[in-house]
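Worksheet: the structure to be examined is printed underneath.
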DNA sequence: CTGAAAGCGCTTACAG
DNA sequence: CTGAAAGCGCTTACAG
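Protein chains in written order, with our numbering: chain X, 6 to 348; chain E, 6 to 348.
And the structure:
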């Protein structure tokens, strides 16, 4: 028997001598269907390679079994690599979705464009995961709009009071504190901070506050002249380090707000033949795969991307199912290597 | 005016004082609708934040505007990182899809499980992109089954005659040839090959054949004792290099079938305090982001992932639209760095 | 240029 | 345990 095009539940019903709803029930494992009938139907379905049409079932049930992952990128002039940290988040989010039987739709969004909750609005997804650095204040009004519209979403980022919606993030303050304390323990006293330190970049700002806190509790001063703005790219880190060197303020360590910044900074130091860690200790944040491979290997703050992915998905699904859900902070650990003189 | 739940085209029709089909036409830009009517409808739609229900429109039109990307992974015991090369393919595929107005569904598949063309069968996707290393012969029967079922798919991999379906791949033979020739030009004579060299791994095998061809045309012998199996992980590269060292056959260069293998091999050399490139020149394949950061920086064969992603998507969409499409090979270039003594 | 009608392939009360 | 009926929200001939 050949059926032109794809088999439908009606085709199977004919073949099995039952009604179409019975096929639907049987295949979805309803307890209200005779076991023998079910087996017969299942056999036919398999033979015809039948698969439920998701468009039809989603239309009927009004949910999609799909989550949309939206990456926000600062537009890079060269269309360069995606931030490696987000790529490892992507891996763990994908696995967490698979575990819960959800499909994952992914999409890159330009921060600048007028993105919307299109995926959920058009019923392609039951909820959204928002991932990406960028100017927080710029996106805040959009987050508020998502909340207003009742869109289900979680975002990865700083967890702060008064934010619209639910956020999952690592403990940026603690991470900044711990790595700075480590640099202090290594005998460093003039520690520069490379990265934005304002409420436009709340994650970096938290890391900066942790850094400042560690300095103060160990009796050091926070030197404003040792902070230089940078976004999370190698290029930006390189430029910030050049500024730092040009300024002439003495320093014996750099805490970069991300590994990419740290790697760019190390390049600038290397060009001037400054030795790491002997002359300048360097530390980053994220523990991207590259961190262990650069020379010298980079001491950094490790974010547990696997746990993060799981929690993002679990929290979003709770939201989708109208279960209680809340913002959460994930603990960080130090990954100490040679760039700080630790290994 | 408040509408409970999401607005539908019928809601808009009521508000605009037209029929529901007219709303549909207006919003889809049909030329058969009065310009003023269209504007009125569009204004209302925007105000209500209306989005066409994709489940309904897809059901009706029988296509999804979505492509599914299936990653095949050899199961790793530690749930470790995804192959970085595939991650950069992912980036370019995502962008290429966005450019054509398609959404991208991604999914990791265990090679071992009985994966199917579920996404297309269930109408969630119009076609599939298959990405991943693994034993080719094991997957071949599945590819044949996809062809039989009339599933639209393209795979990334070796382009060889007699393969089921359409394949896009880089010129593995040329890449293997060029990098080997480069090592020969550096004065190396005993060049080991780390990577599987059998038709179970056609991409690696092509690279191996390029390597052998370069040796032969320059008057060298191919020494079977200098080939060691490895899959594309750091661990596997490390182990293969250990075997090579244990064997005791003299060698002054390594061509690894992938960058991850090369990085693992360099680790093994490093542990024995063998200097790269002075004692052993090393080259890889792929040009993953890490290649430029390892120490010494890794000479390798660069695959143009951006072009690859574009071609994969273009080819698949041609297939979906019943336009002519064919397998293609993409040229490679050498990225020469310090590990081969080139920079 | 516009509307009434049909139908995409399911799921789920409702009735038996 | 099973079937007849309705309906999810669209798009597209068909008729005017």
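Idealized CB from N, CA, C, for every residue including glycine.
Between residue 260 of chain E and residue 188 of chain E a beta carbon distance of about 7 Å is seen, short of the 8 Å cut, so the two are scored as contacting.
The C-beta distance from residue 150 of chain E to residue 177 of chain E rounds to 26 Å, too long to meet the 8 Å contact threshold.
Sequence-distant Cβ neighbours of residue 107 of chain E in its own chain, meaning closer than 7 Å and more than five residues away, are 70, 71 and 72. Taking C-beta separations shorter than 8 Å and ignoring five residues to either side along the sequence, the partners of residue 204 of chain X in its chain run 141, 142 and 210, following chain order. Between residue 16 of chain E and chain X, the shortest Cβ-Cβ separation is not below 9 Å.
Identification of chain X residues near residue 154 of chain E by a Cβ-Cβ cut-off of 9 Å yields 54, ordered along the chain.
Only residues of its own chain outside the window of five on either side were considered, and among them 98, 134, 159, 161 and 173 have a CB closer than 7 Å to the CB of residue 317 of chain X, listed in chain order. Residue 128 of chain E sits buried, since 16 or more C-beta atoms from the chains shown fall within 10 Å of its C-beta. Within the segment 307 to 338 of chain E, the runs of alpha helix (DSSP H) that reach at least 4 residues and sit entirely inside it are, in chain order, 310 to 325. Closest option to residue 148 of chain X, judged by alpha-carbon separation, among X:101, X:75 and X:217: X:75.
Closest option to residue 88 of chain E, judged by alpha-carbon separation, among E:314, E:265, E:271 and E:326: E:265.
Every beta strand (DSSP E) stretch that sits fully inside the segment 187 to 216 of chain E and reaches 3 residues is listed by chain position as 196 to 199. When secondary structure is reduced to three states using DSSP, residue 165 of chain E falls in the coil class, being assigned neither helix nor strand. Residues of chain X with a Cβ closer than 8 Å to the Cβ of residue 295 of chain E are, in chain order, 294, 295 and 298.
Non-local C-beta neighbours of residue 112 of chain E in its own chain, meaning closer than 8 Å and more than five positions away in sequence, comprise 73, 74, 75, 76 and 124, ordered along the chain. Among the residues of the segment 119 to 150 of chain E, those with a Cβ less than 7 Å away from any Cβ of chain X are 123, 126, 127, 128 and 129, in the order of the chain. Using a Cβ-Cβ cut-off of 9 Å, residue 87 of chain X counts as an interface residue toward chain E, since at least one Cβ of chain E sits closer than that to its own. In summary, residue 284 of chain E is exposed, with fewer than 16 beta-carbon neighbours lying within 10 Å of its beta-carbon over all protein chains present.
In this structure, the beta-carbon distance from residue 184 of chain X to residue 288 of chain X falls below 9 Å. With its beta carbon at least 9 Å from every one in chain X, residue 251 of chain E lies outside the interface.
Within chain X, the residues whose beta carbon sits less than 9 Å from that of residue 110 of chain E are 71, 108, 109, 110 and 111, listed in sequence order. Among the residues of chain X, those whose CB is under 8 Å from the CB of residue 99 of chain E are 111, 112 and 113, following chain order.
Within the same chain, Cβ atoms closer than 6 Å to the Cβ of residue 197 of chain E are found at 231, 249, 256 and 259, the five residues on either side in sequence being excluded. In the DSSP assignment, residue 261 of chain E falls within the beta strand (DSSP E) that extends over 258 to 261.
Using a Cβ-Cβ cut-off of 9 Å, residue 60 of chain E is close to 59, 60, 61, 62, 63, 64, 65, 67, 69, 127, 128 and 129 of chain X, given in chain order.
At least one CB atom of chain E sits nearer than 9 Å to the CB of residue 96 of chain X. The C-beta of residue 166 of chain X has fewer than 16 other C-beta atoms within 10 Å across all chains shown, which makes the residue exposed.
Under the criterion of beta carbons closer than 8 Å, residue 50 of chain X and residue 32 of chain X qualify as touching, at roughly 6 Å. Fewer than three Cβ pairs drawn from the segment 268 to 277 of chain E and the segment 306 to 320 of chain E lie within less than 8 Å of each other, which leaves the two stretches out of contact.
In the three-state DSSP reduction, residue 181 of chain E falls in the helix class (H, G or I). Between residue 242 of chain X and residue 267 of chain X, the CB-CB gap stays under 9 Å.
Note that the C-beta distance between residue 325 of chain X and residue 218 of chain X is not below 9 Å. Within chain X, no C-beta atom comes nearer than 8 Å to that of residue 246 of chain E; the closest sits roughly 16 Å away.
Inclusion of residue 42 of chain E and residue 61 of chain E in the CB contact set at 9 Å is not warranted, their separation being larger than that value.
Here residue 57 of chain E carries a coil assignment [DSSP, helix/strand/coil].
Cα atoms of residue 182 of chain E and residue 263 of chain E: separation of roughly 14 Å, rounded to the nearest angstrom.
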